[in-house]
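> The sequence shown begins at 257 in my numbering and counts up one residue at a time.
Pasting a structure below so you can have a look.
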Amino acid sequence: MGAAGGIDLHIHSTASDGTLTPSEILALAVQLGLKAIAITDHDTLSGSVRALAEGIPSSLDFLTGIEISAAAPAGYRLKGSVHILGYGIDPHHAGLCALLKKLMTARKNRNPKIIARLNELGMDLSIEELNQITGGGTAGRPHIAQLMVNKNMASSIDDAFDRFLGKDKPAYVNKYRAPMDQAIGAINAAGGIAVLAHPYLNNIHEPSIFETFLLTLKSMGLGGIEALYPEHPKQATDLYCRLARKHGLLITGGTDCHGQVTPGIQVGIGDGTFHVPYSIYQALVAHLDH
């Protein structure tokens with residue numbers, strides 16, 4: 257099927273935890289024949305802003321994007337964050353920028369704590385070395401994992417997470433997550449649409465419980481669900497599409513490509529079999545234009 261004529265609405269750049277710069281992502285999208293993309297960095301809009309400043313190629317449609325780490329709503333005990341994608345947002349909206357600043361400060365304050373725990377475990381790592389890896393971007397656990405690989409303290413990024421950085425592992429430090437209603441509300445206030453990212457990864461697999469969870473988010477202003485995602489089993493994709501149609505939510509899709517951090521997931525095509533049709537982008541834009 258290939259990437260040509262398709263779209264990818266979930267790509268990470270060097271502005272958060274990807275290894276491709278915004279300009280490299282734009283060039284790659286054109287090379288692959290993609291018709292539309294969104295750069296959706298974690299808790300920052302700088303990837304989208306940089307892409308706009310570079311100039312979007314005439315053959316490519318582009319949406320500003322973000323992926324916000326939100327706390328699960330009351331009544332749901334989920335492991336980690338619930339990720340909310342935002343599309344078509346004003347990157348200079350004061351309310352959204354204030355929330356992102358809070359998230360970024362929390363992220364920056366978390367890294368020294370993780371490094372300190374690794375130091376206590378006998379690993380010679382520093383914040384200065386971490387900053388060299390990010391090249392001015394925002395550091396996260398994948399960057400710390402990469403530093404560990406570079407210094408032969410882990411055999412791979414997965415190994416670093418499995419043994420040290422993952423939840424409940426010796427160097428894990430809990431992080432601040434935006435309250436769900438604030439995350440969704442900030443995206444909507446900035447003129448965008450809020451979308452539940454990779455729902456299968458939240459591990460709510462009982463259809464009736466997931467539907468209740470989805471309706472809870474919809475009541476807070478959620479407008480869509482990322483039903484099309486490389487790691488979704490077909491049965492889950494079918495369920496998410498059916499629930500989206502039932503409850504008037506938009507369907508979106510993307511690879512969640514992080515460049516070299518996710519070597520098996522490529523922009524536009526995932527593992528080579530993934531394809532998101534351009535009609536998904538058209539429906540999203542039609543909604544944003546209303």
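Note that CB positions come from ideal geometry on N, CA and C, so glycine has one too.
On a Cα-Cα basis, can you pick out the residue from V541, S475, H546, G510 that is closest to T529?
The residue with the shortest Cα to Cα distance from T529 is G510.
> Quick one: is K502 buried, meaning 16 or more other Cβ sit within 10 Å of its Cβ, or exposed?
Burial call: exposed.
> Leaving out five residues on either side along the sequence, give the residues of the same chain with a beta carbon under 8 Å from the beta carbon of A260.
Only L288, G289, L290 meet the Cβ criterion.
> Figure out for me which residue from P313, F318, A326, H266 has the closest Cα to the Cα of L359.
Nearest option by C-alpha distance: A326.
> Count the other CB atoms, across all protein chains shown, that sit within 10 Å of the CB of P398; report buried if there are 16 or more and exposed otherwise.
Buried.
> Find the nearest neighbour of T249 within the set L341, A330, S279, A328, judged by alpha-carbon distance.
Lying before the first or after the last residue shown, residue 249 is absent from the chain, which here runs from 257 to 546.
> Specify whether the stretch 453 to 461 and the stretch 342 to 359 touch according to this definition: at least 3 beta carbon pairs, one from each stretch, less than 8 Å apart.
Result no; under three Cβ-Cβ pairs closer than 8 Å.
> Using three-state DSSP, classify L276 as helix, strand or coil.
Coil.
> Among all the DSSP beta bridges, which residues are the ones paired with E549?
Since the first residue of the chain shown is 257 and the last is 546, residue 549 is not available in this structure.
> Could you have a look at H461 and say whether DSSP puts it in helix, strand or coil?
The answer is coil: DSSP assigns H461 none of H, G, I, E or B.
> Checking the sheet assignment: what are the DSSP bridge partners for L506?
Beta-bridge pairing links L506 to G480.
> Given this structure, state the Cα-to-Cα distance separating A483 from I507, to the nearest angstrom.
One C-alpha to the other measures close to 6 Å.
> Under the assumption that G391 contacts T270 (Cβ atoms under 8 Å), give the Cβ distance between them as a whole number of angstroms.
Contact flag correct, Cβ pair sits at about 7 Å.
> How big is the Cα-Cα spacing for D414 and Y428?
Each residue's alpha carbon lies about 14 Å from the other.
> Does I263 come out as helix, strand or coil in the three-state DSSP assignment?
Strand.
> I need the boundaries of the alpha helix (DSSP H) containing V429, first residue and last residue.
Looking at the DSSP string, V429 is not in any alpha helix (DSSP H), and its letter there is neither H nor E.
> Tell me whether I449 sits in a helix, a strand or coil according to DSSP, three-state version.
DSSP places I449 in strand when its eight states are reduced to three.
> Cβ of G321 within 9 Å of Cβ of D297?
Yes, these two residues count as a Cβ contact at 9 Å.
> Taking DSSP's pairing of strands, which residues face D317 in a bridge?
The partner list for D317 (beta bridge, DSSP) reads A292.
> Spatial neighbours of A446 within its chain, please: CB distance less than 6 Å, with the 5 preceding and 5 following residues excluded, ordered by chain position.
Around A446: I345, D346, H349, L352.
> Which runs of the beta strand (DSSP E), 3 residues or longer, sit entirely within the stretch 498 to 545?
With a minimum length of 3 residues, the continuous beta strand (DSSP E) runs that stay inside the stretch 498 to 545 are 506 to 509.
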